[in-house]
Every structure is written in C-alpha cells, then in structure tokens.
Amino acid sequence: MFEPILLLAGNPSPMTGPGNNTYLIADGAGAAVLVDAGVGLAVHLEALSAALDANGARLSDVLVTHGHADHASGATRLADEHPAVRFLKHPWPGQDEQFGVSWSAIGDGDVVRVGDDELIVVATPGHSPDHVSFWHAQSRTMFTGDLVALGTSVMIHASRGGNLGQYMRSLERVLQHEPRTLLPAHGPRIDDPHALISGYLSHRNERERQVIGALRAGHATVEAIAESIYHDLSPALMPAARENVRAHLEKLREEGRAVHDGDRWRM
C-alpha cells in the first residue's frame with residue numbers, strides 16, 4: 119500500500135497555513151525520498167529523522183516541486199544532515215543557485231523510482247515557471263505542490279515568473295490524469311480532485327470576466343481594476359489582489375485581447 123508520511127515543515131503563517139507539507143515515502147528496503155525540502159527548521163529535521171528511524175530507512179532523494187523558498191530553502195540543512203542525498207527539481211535559472219546545493223535536473227515524463235513504486239514527473243508550470251507535480255499511477259495519487267489548496271485559492275505572481283494561462287492549463291492537465299487523491303504542499307489532502315479543480319477553473323474564469331468588465335468600464339490601471347473588483351477587501355490583502363489582477367491582464371495580453379501602454383491597460 120502506498121502510504122506517504124506527512125511531515126510539516128514547522129513554518130505556520132497566514133500564507134502557509136499550518137506550515138508547508140512535505141511527504142516522506144519509504145520503499146520498505148532501507149531507502150526513502152522526501153517531496154519538498156521545507157525551510158530547514160529543527161522541528162522538521164527532527165521529525166524527518168524520527169520517521170526515517172521508524173522505517174529503518176536512509177534519505178536518498180529530495181524531490182522539489184518548485185523553487186520558492188518555502189519549498190526549497192531547506193535543502194541546505196538537509197544536505198548538512200544527509201550528505202549523500204540527491205536533490206532533484208526542474209531548473210529555474212537565476213533562482214536555484216541561492217539554495218547552495220547541487221541540483222539534478224528533472225523534466226516532464228521523467229521517472230523517479232522508490233523501491234517498487236514510481237513517481238512520474240508532470241510539468242505543471244504557472245504558479246512558477248519550474249513547477250512540477252509527481253504522479254503515482256498505481257494509487258492515482260498526485261503530489262501537487264502549490265497548484266491547489268483546500269479552501270483557498272493560489273497566488274499567481276505575474277511579476278515573479280507566474281503565468282496564469284500556463285497555470286490553468288496545468289490544472290486541466292492534472293484533471294486529465296483522473297487522480298483519486300491530491301497531496302498539496304499546504305493544507306489537508308484532497309479526496310475529490312475533480313470538484314476542487316473544476317471550482318478553481320470556474321473561479322478564474324469568473325475573475326477574468328470581472329477584469330474584462332472593469333476594463334470596459336474605463337478602469338485602466340492594475341490598482342483601479344483591483345479596487346473595482348475587491349470592494350471590501352482588507353488593505354493588508356490588496357497587494358495580493360493587485361497581483362491577481364496583473365496575472366489576468368497578462369493572460370489577456372498573451373491572448374491578444376488586451377494591450378497596455380505603460381501602466382494603462384485597455385481591451
């Protein structure tokens with residue numbers, strides 16, 4: 119039976135919920151892989167060591183879904199504690215170098231073996247340009263990193279490499295696998311992937327209609343569009359709202375449906 123062990127990274131916050139989820143998969147024959155590296159806190163490293171000891175395993179590989187710090191920065195401490203471990207991720211030049219480890223590149227369709235199990239790399243860019251998920255076909259389980267989270271939406275940082283069009287296509291690609299379970303990097307496991315992802319797509323399409331409506335009403339800047347859509351949002355959350363608006367505008371631009379001159383946008 120495929121039973122990944124959930125290990126919280128110990129970094130709770132308004133953006134990470136109870137903290138990043140990392141997942142340990144032991145092969146039953148003395149080796150184990152970890153999905154996502156956490157942030158290097160002692161509580162995470164201690165939980166990992168305890169889980170390895172309980173399974174009589176050593177850490178062989180760390181698979182990183184993407185290069186945001188809450189998923190990758192723990193690689194440095196993991197390398198200190200487990201000198202023989204390999205670190206695998208899809209390359210993000212200019213971002214990966216900061217984490218101080220040697221990365222082994224993985225890409226769409228690559229297979230990582232964990233004993234008798236296989237994890238297939240599925241390219242799912244959009245939240246970040248390097249984002250991948252890991253598919254366990256036998257159990258129809260997918261480790262989805264920051265693609266989805268139960269009860270909330272996912273930030274697309276258009277100004278930091280995010281791409282909403284890619285992100286929506288990645289959600290559709292996950293649906294094509296017909297997963298039974300999603301194991302996200304934040305929040306609880308997802309046991310009805312179709313309902314959740316369909317809701318995500320509907321939400322994004324509705325938000326796009328609102329952005330188009332704002333443009334047609336004469337709101338021409340990211341700030342003005344965000345204020346017209348997010349009427350009662352807390353000021354502390356407005357930067358995130360503006361980033362979402364920017365992601366939608368960039369998607370419309372890529373599709374030839376919007377143009378901009380400086381900071382002013384129009385259909």
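For the sequence shown, the working numbering gives the first residue as 119, with consecutive numbering after it. Cβ atoms here follow ideal geometry from the backbone N, Cα and C, with glycine treated the same way.
Next item on the list: Within the same chain, show all residues whose beta-carbon is closer than 8 Å to that of Ile274, passing over the 5 residues directly before and after it, in chain order.
Entry: Gly244, His245, Gly280, Asn281, Leu282, Tyr285, Glu361, Asn362 and Ala365
Margin query: Taking the alpha-carbon of Leu293 as reference, which of Thr270, Ser251, Ala332 and Gly269 has the nearest alpha-carbon?
Written below: Ser251
Checklist line | Where Leu351 sits in the DSSP three-state scheme | finding: coil
Next item on the list: Compare the Cα-Cα distances from Leu265 to each of Glu290, Arg258 and Ala147 and report the closest residue.
Entry: Glu290
Item checked: Separation of Val203 from Ala197, as counted between CA atoms -> 7 Å
Item checked: Backbone CA spacing between Val232 and Asp145 [nearest angstrom] -> 6 Å
Next item on the list: Please name the residue in Gly374, Gly192, Pro201 and Ile123 whose C-alpha comes closest to that of Gln216.
Entry: Gly192
Note to self: Only counting the same chain, and skipping five residues up and downstream in sequence, which positions put a Cβ closer than 6 Å to that of Asp248?
What the structure shows: His184, Gly185, His208 and Trp210
Notebook entry, point to check: Does the region 145-159 come within contact of the region 124-131, defined as at least 3 CB pairs closer than 8 Å?
Noted result: yes
Note to self: If you reduce the DSSP assignment to three classes, tell me which class Leu69 lands in.
What the structure shows: Because the chain spans 119 through 385 in this model, residue 69 falls outside it and cannot be assessed.
Check: Going by other Cβ atoms of all chains shown within 10 Å of its Cβ, with 16 needed for buried, is Pro297 buried or exposed?
Finding: buried
Notebook entry, point to check: If you scan the region 232-298 from start to end, which runs of the beta strand (DSSP E) of 3 or more residues do you find wholly inside it?
Noted result: 235-241, 250-254 and 259-263
Checklist line | Closest by C-alpha distance to Val219, when choosing among Asp179, Gly374 and Leu351 | finding: Asp179
Check: Nearest-angstrom Cα distance between Asp350 and Met356?
Finding: 10 Å
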